[in-house]
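Right, one structure below, let's go through it.
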Amino acid sequence: MSDQPGCSLCGRIRGVDEESAQTLAWVSTREKNVVRWMCPACARRHTRDIEGKLPDEYW
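According to the working numbering, the residues represented by the sequence shown are 9 to 67, in order.
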């Protein structure tokens, strides 16, 4: 098991060699005490879904 978070949508793993700005662009969400991470690309793609707090199955 990896200590690095991975994107719950596309599966991308956050690399230790990423630029600082890229690392800060990762988004975490918490629903029912489950933390999920999204890479910057998926977070941009689903910004409205995140802000509207739509359940993941609607994405």
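All C-beta atoms, glycine included, are put in the ideal place defined by N, C-alpha and C.
Span separating the alpha-carbon of residue i from that of residue j
{"i": "Met9", "j": "Val43", "result": "With a pLDDT of only 48 at Met9, under 50, the local geometry of the prediction cannot be trusted, and the value read off the model is given with reservation. Taking the straight line joining both Cα atoms gives about 16 Å."}
{"i": "Pro13", "j": "Asp57", "result": "21 Å"}
{"i": "Met46", "j": "Glu26", "result": "15 Å"}
{"i": "Ala49", "j": "Trp34", "result": "9 Å"}
{"i": "Ser28", "j": "Leu62", "result": "29 Å"}
Whether residue i touches residue j by CB criterion (8 Å)
{"i": "Thr31", "j": "Arg22", "result": "yes"}
Residues that residue i bridges to, as DSSP identifies them
{"i": "Gly14", "result": "Ile21"}
{"i": "Thr37", "result": "Arg44"}
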